[in-house]
Amino acid sequence: MGMILNGDDDLVPPSNFAMVERGIYRSGFPTQSNFGFLETLNLRSIIYLCPEPYPESNSEFLRSHGIKLFQFAIDGNKEPFESIPQDVIMEALRVLLDIRNHPVLIHCKRGKHRTGCLVGCLRKLQNWCLSSVFEEYQLFAGAKARVSDLRFIEMFDVSCLRQCLYGIIYCYRSHNRRLVYKEENLKKPQIASN
Numbered sequence: 002m003g004m005i006l007n008g009d010d011d012l013v014p015p016s017n018f019a020m021v022e023r024g025i026y027r028s029g030f031p032t033q034s035n036f037g038f039l040e041t042l043n044l045r046s047i048i049y050l051c052p053e054p055y056p057e058s059n060s061e062f063l064r065s066h067g068i069k070l071f072q073f074a075i076d077g078n079k080e081p082f083e084s085i086p087q088d089v090i091m092e093a094l095r096v097l098l099d100i101r102n103h104p105v106l107i108h109c110k111r112g113k114h115r116t117g118c119l120v121g122c123l124r125k126l127q128n129w130c131l132s133s134v135f136e137e138y139q140l141f142a143g144a145k146a147r148v149s150d151l152r153f154i155e156m157f158d159v160s161c162l163r164q165c166l167y168g169i170i171y172c173y174r175s176h177n178r179r180l181v182y183k184e185e186n187l188k189k190p191q192i193a194s195n
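2 is the number of the first residue of the sequence shown in the numbering used here; add one for each residue after it.
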């Protein structure tokens, strides 16, 4: 775990912390020792992927910093044929892609499986090749990578999400891909009639 020295304060990132994209971060569950570091991110939102209630000390930190909590209750399955509910991941992606929620931190308990699945589905939406998506998942999951998670990511259908998220577009600036939210001049998807 890295530490950043800032004057008299030690800034300690949560376990498994990384930047996913500009304005999108991932980690394991933040503790009070991580609050100073989280302040430097100027977060607007946290996407919490566990069913357990958010601890009061963490909730107080969010309230005092004006950070919105989005909770998606995904059970931590270890069974080989148990899968993450696709509709829950779709809702989490909608929140994640809305730049009005950025900067945003995605986390579960360890920042491995549930967080890895959500980030993996985001990468599919960004047209990453599957081998790169799996490599990133395994980088964070390590020896605890789950075949069921990799299968979920592989089978996740991004086409209906692309259709639903007409308000989210990619804008290329200075050779960097960045998510931009625009409401004006957009046509809503239309249902074709026979």
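All C-beta atoms in this analysis are idealised placements derived from N, C-alpha and C, irrespective of residue type, glycine included.
Residue i - DSSP class collapsed to helix/strand/coil
i                : result
tyrosine 55      : coil
alanine 93       : helix
leucine 42       : helix
leucine 50       : coil
aspartate 11     : strand
phenylalanine 62 : helix
aspartate 76     : coil
Residue i to residue j span [Cα, whole Å]
i                 : j                : result
phenylalanine 14  : asparagine 128   : Residue 14 is actually proline in this sequence, not phenylalanine. Computed Cα separation, rounded: 29 Å.
methionine 20     : proline 54       : 25 Å
glycine 29        : methionine 156   : 25 Å
phenylalanine 135 : valine 89        : 21 Å
phenylalanine 71  : leucine 50       : 8 Å
tyrosine 131      : aspartate 158    : In the sequence as displayed, the identity of residue 131 is leucine instead of tyrosine. Rounded to whole angstroms, leucine 131 to aspartate 158 spans 13 Å at the Cα level.
tyrosine 171      : leucine 97       : In this predicted model, tyrosine 171 has a pLDDT of only 46, less than 50, meaning its place in the structure is not dependable enough to derive any value.
arginine 27       : glutamate 92     : 17 Å
lysine 110        : phenylalanine 62 : 18 Å
histidine 103     : glycine 24       : 5 Å
leucine 126       : aspartate 76     : 23 Å
Cross-strand partners of residue i (DSSP beta bridge)
i                : result
glutamate 22     : Ile25
phenylalanine 71 : Ile48
Completely contained alpha helix (DSSP H) runs for the region 97-161, where each covers 4 or more residues
DSSP runs (the alpha helix (DSSP H)) wholly in the region 97-161: 114-126, 131-142, 148-156.
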